[in-house]
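A.B. asks:
Protein chains in written order, with the numbering used here: chain A, 1 to 108; chain B, 1001 to 1125; chain C, 2001 to 2650.
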């Protein structure tokens, strides 16, 4: 019974420490603001995903073509647009291009 | 396109229920009298003495409502496989028809409800 | 010690409530330290729940009968392994298991995804909210730590549960059910955070796959247990408790496929969040069904107080998810459209529709008794014919799609290309169909269709591996470089085996029953079974009576079976001991049940010959293997993802 009490007490203390820890470690932080992606960062993420998607689609098209699922004709038809999409996505992610987009997006 | 497929699925579903009918009623001994002659699922608790042999001539027992205090008792005549858990006091489900005061069960349709609420013990599928 | 358990659970409750409330505040008001504190609370709740679990396990091991739960589910003579497994034998213990697994998973998810600061800030309160429900139940409604004067001995465990499969079946199922909470929480977290990117999918991909695998294997184990232990000759009876696990599994299968479309084409965002919410709701509903006994009889509803609480919880979750999805609808609208009805995207969509349709028709069948009672005052129920009809209507096309999908290209597939890739598999299946028809398999139309479609799928999978190997150079390199795709094909192969096994053992099985005197024999599907003699023996906690039955095929003896019955004096109940011969030639079983052993020694023997049934169990192993391959971390992919999120870690 006393063992249960002691263990319970220890548990309670540990729990309180765990919960209070972030406040104990930084009693007066410079900033308590939670990181969140800004507009620029969100767009960058979407662009990165689009780039990865385009590259993956290209890779899959090559593989499907090599294994015979996509005919030569279909391959020729699809590879052009896909390569262009990938190139666009890559270009959009370059810092200069981003800044240009940002300037355009913000109302002047 | 999604709307079309949903419509197709619903169509199959409605077709089935209209052809096969809307399920089998599950009733207790207190209300089975209203469904004499129909194919129903009788749900109840076994009371009293279990007589006879399910594999030779038929097993006879009485069934009462699982819940409530209705004094109605239905006499059941059953033949076929009997699940292990079957005995007086058990909750069971059996399919059949009420004929001339006796509930004549479909052979092999006796199912007992497992007391620990896991899968009911079946006698045949 | 029960005090410690109760205290630990109260601490858990406080912690997850803090995670919910503090976490919500932190995410809403953008407070970093509070968010971290809420995360810590969630992780700490695993610790406290674990303490409570250990208290219960120790009590079970020691057979401490002052614990009401221990007295209800164990006895002094129960072997230790089963006494420990009694943890999940009753309602209170299984709730504790749910909370344990949930807090465990939540902690792991939080620790692995600490870097996604914004996403995790919103996911933590969702996880906390779900855990609050279970902790609430455990603390105030259904506690495993109730104590009373210790009786002389416990009530014991139902004999049919004293089986190795029952040791693994519930925990595996729970690892699956609860596992679906993680993708749900991340999806809702992403919506709350107004995110439109795929981060939540990437973070939960392996969780979903793992949960789905656990759920699948758990069900197979349960089916196998029913097959060998309950012993009626089947492995699935469309019982509400069985359906309870099948429905979320079907929804999860649909979800696994549709997220692939979102990843590759950026489409179906709304469908995906709806589907993951559906899978989660079905999983909670499944737990509720199994634990509250509500469907067997409407009156049990009032017997178990838990029923009302669960229903309330499911309603809250449904309203919350639907509401949130509705509010974020503008954000989720797709810019990409389906380009062609003949494309891999389209086949995935058809597969999804069929899977969800099947899950919903099963759901309808399960709640039908409740609805008719509420509307008409009279309970009506549906049974095997209903379920079989929809299993065939939706399952057979699904089987075929499994073979078609991999053969169709993304975006758009020209009919000429299709013709070329379809030619061999279609040819194989037509030939198979004709041959089978000639051999007499036309006796069952669904069975014949299942076999014919299976031939198509098998050919299509084999071709994928053959063509792929040619392109990649070697089989290992092929699979290593395309783990998700080829792992997926292996899983398809497993499902294929499952389908063939199910078709064979149900559509083409033979059942014979006869009363035999010693020395007499009976015939069944080419086997001769002879009743030789009767014997009794004493087991650790039971008395077993079994018949010796010789099985021969043609003129050669193949096996000696011992169907019988056991009597457990402590639990005062009997159990059926079926005896099964696994025929290596047909991969099927000769399944014998001693229906009745009369005092005079006459044996009522029931024999089921089930062709190909062992494929069902073999499929389980291949299923796990395929999943592991698909889940196996890929260095190249990890680097790509790290690169993608390097600039935007949140």
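Every residue, glycine too, gets a C-beta built ideally from N, C-alpha and C.
1. Please classify residue 1061 of chain B: does DSSP put it in a helix, a strand, or coil?
2. Taking the DSSP output, what are the residues bridged to residue 2543 of chain C?
3. Assuming residue 2616 of chain C contacts residue 2498 of chain C (C-beta within less than 8 Å), just tell me the rounded distance between them.
4. Under 8 Å, Cβ to Cβ, is there at least one residue of chain C near residue 1012 of chain B?
5. Sorted by chain position, which residues of the same chain lie with C-beta nearer than 7 Å to residue 2179 of chain C's C-beta, five sequence neighbours on each side aside?
6. Say whether chain A places a C-beta atom closer than 8 Å to the C-beta of residue 2001 of chain C.
7. Is the region 47-63 of chain A touching the region 78-87 of chain A, taking contact as three or more C-beta pairs under 8 Å?
8. Suppose only complete runs of 4+ residues qualify. What are the alpha helix (DSSP H) ranges in the region 2304-2368 of chain C, listed by chain order?
9. Mind checking whether the beta-carbon of residue 48 of chain A lies closer than 7 Å to any heavy atom of the ligand FMN?
10. Can you find a CB in chain C that lies within less than 8 Å of the CB of residue 1049 of chain B?
11. Hey, could you find the ends of the beta strand (DSSP E) residue 2512 of chain C is sitting in?
12. For residue 2394 of chain C, which three-state DSSP category applies?
13. Given residue 2410 of chain C, which residues of its chain have a CB within under 8 Å of its CB, disregarding the five upstream and five downstream residues?
14. I'd like to know if residue 1104 of chain B contacts chain C, where contact means its C-beta is closer than 8 Å to some C-beta of that chain.
15. With the cut-off set at 8 Å, would you say residue 1108 of chain B and residue 1080 of chain B are in Cβ contact?
16. Indicate whether at least one CB of chain B lies closer than 8 Å to the CB of residue 2369 of chain C.
17. Going straight from the alpha carbon of residue 1043 of chain B to that of residue 1025 of chain B, what length do you get?
18. Quick check: the region 2280-2292 of chain C against the region 2310-2326 of chain C, are there 3 or more CB pairs under 8 Å?
19. Please report the straight-line C-alpha distance between residue 2674 of chain C and residue 2166 of chain C, rounded to a whole angstrom.
20. Counting contacts by CB-CB distance shorter than 8 Å, is residue 2403 of chain C in contact with chain A?
21. To which residues of the same chain is residue 2483 of chain C closer than 7 Å at the C-beta, ignoring the five residues directly before and after it?
22. Tell me where the alpha helix (DSSP H) around residue 2260 of chain C begins and ends.
23. Any beta carbon from chain C within less than 8 Å of residue 58 of chain A's own beta carbon?
24. Using a Cβ cut-off of 9 Å, which residues of the region 24-50 of chain A contact any Cβ in chain C, in chain order?
25. Would a C-beta distance cut-off of 8 Å place residue 2507 of chain C and residue 2446 of chain C closer than the cut-off?
26. Which chain C residues sit within Cβ distance under 7 Å of residue 4 of chain A?
27. Report buried or exposed for residue 1065 of chain B, applying the criterion of at least 16 other Cβ atoms within 10 angstroms of its Cβ.
28. I'd like to check one pair, residue 2236 of chain C with residue 2252 of chain C: are the Cβ atoms closer than 8 Å?
29. Of all the options C:2155, C:2452, C:2366 and C:2045, which has the alpha carbon lying nearest to the alpha carbon of residue 15 of chain A?
30. For residue 2416 of chain C and residue 51 of chain A, what's the separation of their Cα atoms in angstroms?
31. Counting only Cβ pairs nearer than 9 Å, list the residues of chain C close to residue 18 of chain A.
32. Round the Cβ separation of residue 2559 of chain C and residue 2551 of chain C to the nearest angstrom and send it over; I've been treating them as touching at under 8 Å.
33. How would you label residue 2170 of chain C, buried or exposed, when you count the other beta carbons within 10 angstroms and need 16 or more for buried?
34. Which word fits residue 2636 of chain C, buried or exposed, when buried means at least 16 other C-beta atoms lie within 10 angstroms of its C-beta?
35. To the nearest angstrom, report how far apart residue 2353 of chain C and residue 1006 of chain B are at their CA atoms.
36. Going along chain B in order, which residues have a C-beta closer than 7 Å to the C-beta of residue 2361 of chain C?
C.D. replies: This is what the structure holds:
1. If DSSP states are grouped into helix, strand and coil, residue 1061 of chain B belongs with the strands.
2. Under DSSP, the beta-bridge partners assigned to residue 2543 of chain C are C:2538 and C:2567.
3. 6 Å
4. yes
5. 2105, 2207, 2210, 2211 and 2214
6. yes
7. Enough Cβ pairs lie closer than 8 Å, so yes.
8. 2306-2327 and 2329-2332
9. Here there are no bound small molecules, and the ligand FMN is not part of this structure.
10. Residue 1049 of chain B does not count as touching chain C.
11. 2510-2516
12. helix
13. 2264, 2265, 2343, 2344 and 2345
14. no
15. Yes. Within cutoff.
16. yes
17. 10 Å
18. yes
19. Absent from the model: residue 2674 of chain C. The displayed extent of chain C is 2001 to 2650, so no value can be given.
20. no
21. Closer than 7 Å at Cβ, skipping near neighbours: 2629, 2630, 2632 and 2634.
22. 2240-2265
23. no
24. Considering only beta carbons, the part of the region 24-50 of chain A lying closer than 9 Å to chain C consists of 25, 26, 29, 31, 32, 33, 34, 35, 36, 37, 41, 42, 44, 45, 46, 48, 49 and 50, in chain order.
25. yes
26. Per Cβ cutoff of 7 Å: 2001, 2003 and 2004.
27. buried
28. no
29. C:2045
30. 30 Å
31. 2015, 2037, 2040, 2041, 2043, 2044 and 2047
32. 5 Å
33. buried
34. exposed
35. Per the coordinates, the alpha-carbon of residue 2353 of chain C lies some 8 Å from the alpha-carbon of residue 1006 of chain B.
36. 1013
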